[in-house]
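Following: one structure in structure tokens, then a few remarks.
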Amino acid sequence: RALPPHTFILFGATGDLARRKLYPALYDLFQDKLLPERFAVVGAARRSYTDESFRDELRAALEEFGRNSIEPELWEQFAKHFSYCAVDVRNPEEFKKLNEQVRKVEQAFDIPEQRVFYLAMAPEFFGEVALHLYDSKLSDVKGWRRLIIEKPFGRDLSSAETLNSQLREVFEEEEIYRIDHYLGKEMVQNIEVLRFANSIFEPVWNNRSIANVQITSSETVGVEDRASYYERSGALRDMVQNHMLQMVMMIAMEPPSRLKTEAIRDEKVKVLRSLRRFSENEVKAHVVRGQYGEGPDKSGKTLPAYRNEHGVDAASNTETFIAARLYIDNFRWAGVPFYIRTGKRMSVKATEIVIQFKDMPRMYFNQEGQLLPNLLVIRVYPEEGISIQLNAKRPGTDGTVVPVAMEFSQEPDNSPEAYVRLLYDGIQGDSTFFTRWDEVSLAWKFVDPIAAAFRDGIPPLSEYESGSFGPAASNELVEHDGFVWWPVT
Ligand code: BG6
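Numbering (full-length UniProt numbering), first residue to last: 11 to 499.
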């Protein structure tokens, strides 16, 4: 179903996110005929471009980051919807110019006043941009308007509250779409279908049958050129506050009263309310933090330690790895550890969720080979699929029991990029897979005490070798409870 007519006003139009993700996503939508005839994109950023040179940049971005090669005819049709307006967002005067331009394209393409404002820029400007949208009357529309904003949403509860109240002076909560791109991932969205469209899971989806849950998101890249952001953020704010907790919520939420936006978000929020908040002593017991040291890359070349990366303080204590044991203190999950781990410069790039079921009594198959537990593995990246580990008899007469796997894999390349879905949903006004303010604020309430403990040096920062799977302390965290991390595949 094609999206409604709209004007897409993109702040940060020359930035990395726009080039890597947003333009390719818009092009995919256009190619799939999901963008309406009556749409326009107005790019806004500081650099001075003409419409022509902006479109050249757009084309270069599509060539570099697009999924498919560009079809010349389609490109012509696509490009004509794009124009550019140089705007320094600190200067309210320049919003007037932007306003004129938006009105001009609305007239040219006969678009009703239905506007999407997308802030793909440094977060310190979010509040100011909202204010200037108001002052310049850009946000004053006869139709609808939506504000899509990128992370990070604050750097702690108090800054998030400030930002939120700035935005709320101009936009209603229902008009604000806070992006967490993990919620756009096919398999993260599939968790809800898996759980609520199959009768075999719900009866065992609780502490009577599940021994633990393991959520891993590992990356091979290091800090790249983002030191100035990452030094102030670290893995806790960069990955745990948002993506990791979102996956925890999707796994742990109760069935919503209906599959509708607010009902789903209500249930997710309840998970965060039950998530145990840690005292400093509990941070020591339940959280591991690490930082990558040197290590070999695939070709044997030595990769630099985090502290030697460009722009990083040589004595930096920023964590590039976190593992933690979380508890959701509610009726369903009491006593079940949720282990999470995420880090940069690890051996593989993978995102995976493993549900480990409790052991059967051992008396029947008390053989030397270990009887492995049942596992439900949800593969989010690089493959998208599900596998279930069972025990079965090895064919033959020796009666050996061996683990076997039942696999389901999505066709490679069949599922759209997270940003394609999120743009589609956001423009359409479906905020199910965006984060609501109470989710954000509760996530910070969980994260803030951990950040405070980190500042006090708790737990100690362990170095791990680049290309490994994090510090030994991460394994010890799980082994302490009699478990192991299941290797990501
Ligand atoms: C972003 C973080 O939100 O997620 C990055 O800021 C991280 O540091 C990225 O690399 C990981 O996303 P993905 O989709 O590649 O797993």
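Even glycine gets a Cβ: it sits at the ideal position worked out from N, Cα and C.
Here the structure is a predicted model, which is why all the values come from computation and not from measurement.
>> Considering Cα atoms alone, identify which of Pro392, Arg446, Trp215 and Met260 is closest to Phe341.
In response: Of the candidates Pro392, Arg446, Trp215 and Met260, Trp215 places its Cα closest to the Cα of Phe341.
>> Measuring only the C-alpha atoms, how far is Asp458 from Glu134?
In response: The C-alpha of Asp458 lies about 19 Å from the C-alpha of Glu134.
> Under three-state DSSP, which class holds Pro34?
Replying inline: Here Pro34 sits in helix by DSSP.
> Residues bridged to Leu285 by DSSP?
Replying inline: Looking at the DSSP assignment, Leu285 forms a beta bridge with Ile338.
> Roughly how many angstroms separate the alpha carbons of Ile437 and Phe40, rounded to a whole number?
Replying inline: Looking at the two C-alpha atoms, the distance is approximately 13 Å.
> Is Phe444 near Tyr192, with beta carbons less than 8 Å apart?
Replying inline: No, the Cβ-Cβ distance between Phe444 and Tyr192 is not below 8 Å.
> Going straight from the alpha carbon of Gly321 to that of Thr330, what length do you get?
Replying inline: Going by the C-alpha atoms only, they are around 15 Å apart.
> beta strand (DSSP E) containing Asn222: first to last residue?
Replying inline: Counting along the chain, the beta strand (DSSP E) containing Asn222 begins and ends at Ile220 to Ser228.
> Taking 8 Å as the CB-CB limit, is Val457 close to chain B?
Replying inline: Of the protein chains in the structure, only one exists, and it is not chain B.
>> Is Glu393 close to the ligand BG6? I mean its beta-carbon at under 7 Å from any heavy atom of the ligand.
In response: Checking the Cβ of Glu393 against the ligand BG6 gives no.
> Helix, strand or coil: which one does DSSP assign to Ala325?
Replying inline: In this structure, Ala325 counts as coil in the three-state DSSP scheme.
> From this set, Tyr128, Lys31, Phe49 and Phe92, which residue's C-alpha is nearest Leu20's C-alpha?
Replying inline: Comparing Cα-Cα distances from Leu20 to each of Tyr128, Lys31, Phe49 and Phe92, the minimum goes to Tyr128.
> Measuring CA to CA, which of Val346, Glu229 and Pro14 is closest to Asp491?
Replying inline: Checked all of Val346, Glu229 and Pro14; the closest Cα to Asp491 is Val346.
>> Considering just the uninterrupted stretch of the alpha helix (DSSP H) at Glu116, what are its terminal residues?
In response: Looking at the DSSP string, the run of the alpha helix (DSSP H) that includes Glu116 is Pro102 to Ala118.
> In its own chain, which residues sit with a C-beta less than 6 Å from the C-beta of Gln366, not counting the 5 before and 5 after it?
Replying inline: Closer than 6 Å at Cβ, skipping near neighbours: Ala221, Asn222, Pro383 and Leu385.
> In or out: Gly310 buried (at least 16 other Cβ within 10 Å) or exposed?
Replying inline: Taking every protein chain shown into account, the CB of Gly310 has fewer than 16 other CB atoms within 10 angstroms, so this residue is exposed.
> Since Met416 is in the beta strand (DSSP E), which residue starts that stretch and which ends it?
Replying inline: Its beta strand (DSSP E) spans residues Val411 to Ser419.
> Less than 7 Å between the CB of Ser397 and some heavy atom of the ligand BG6, yes or no?
Replying inline: If you check the C-beta of Ser397 against the ligand BG6, you find no heavy atom less than 7 Å away.
> Glu229 and Met370 look like a contact to me (Cβ under 8 Å); what is the Cβ gap, rounded to whole Å?
Replying inline: The pair is not a contact, with the Cβ atoms about 36 Å apart (cut-off 8 Å).
> Can the beta-carbon of Lys152 be found less than 8 Å from the beta-carbon of Val390?
Replying inline: Contact annotation: Lys152 and Val390 have beta-carbon atoms that are not nearer than 8 Å.
>> Pull the bridge partners of Ala333 from the DSSP assignment, please.
In response: Looking at the DSSP assignment, Ala333 forms a beta bridge with Val298 and Arg351.
>> Please give the ranges of any beta strand (DSSP E) in the region 154-209, keeping only runs that are unbroken, at least 3 residues long and fully inside the region.
In response: Taking 3 residues as the shortest admissible run, the region 154-209 contains the following complete beta strand (DSSP E) segments, listed from N- to C-terminal end: 155-159 and 186-188.
>> Here's the rule: buried if 16 or more other CB atoms are within 10 angstroms of the residue's CB, otherwise exposed. What is Asn174?
In response: By the beta-carbon neighbour count (other beta carbons within 10 angstroms, threshold 16), Asn174 is buried.
>> What I want to know is whether the C-beta of Met249 ends up closer than 7 Å to one or more non-hydrogen atoms of the ligand BG6.
In response: For the ligand BG6, at least one heavy atom lies less than 7 Å from the Cβ of Met249.
> Can you list the beta strand (DSSP E) stretches of 3 or more residues lying completely in the region 392-478, in chain order?
Replying inline: You should have 395-403, 411-419 and 471-474.
> Which of helix, strand or coil does DSSP assign to His16?
Replying inline: Three-state DSSP puts His16 in a strand.
>> Can you list, in chain order, the residues of its chain with a C-beta nearer than 8 Å to that of Asp61? Leave out the 5 residues immediately preceding and following it.
In response: Excluding residues within five positions, the ones whose Cβ falls inside 8 Å are Phe92, Ser93 and Tyr94.
>> Here's the rule: buried if 16 or more other CB atoms are within 10 angstroms of the residue's CB, otherwise exposed. What is Phe64?
In response: Residue burial is scored here from C-beta neighbours: Phe64 has at least 16 other C-beta atoms within 10 angstroms and is therefore classed as buried.
> CA-CA distance, Gln301 and Ser326?
Replying inline: Rounded to whole angstroms, Gln301 to Ser326 spans 9 Å at the Cα level.
>> I need the DSSP call for Tyr94, collapsed to helix, strand or coil.
In response: Tyr94 falls in the strand class under three-state DSSP.
>> Can you tell me whether Lys31 sits near the ligand BG6, meaning its C-beta is under 7 Å from at least one heavy atom of the ligand?
In response: No, the Cβ of Lys31 stays beyond 7 Å of every heavy atom of the ligand BG6.
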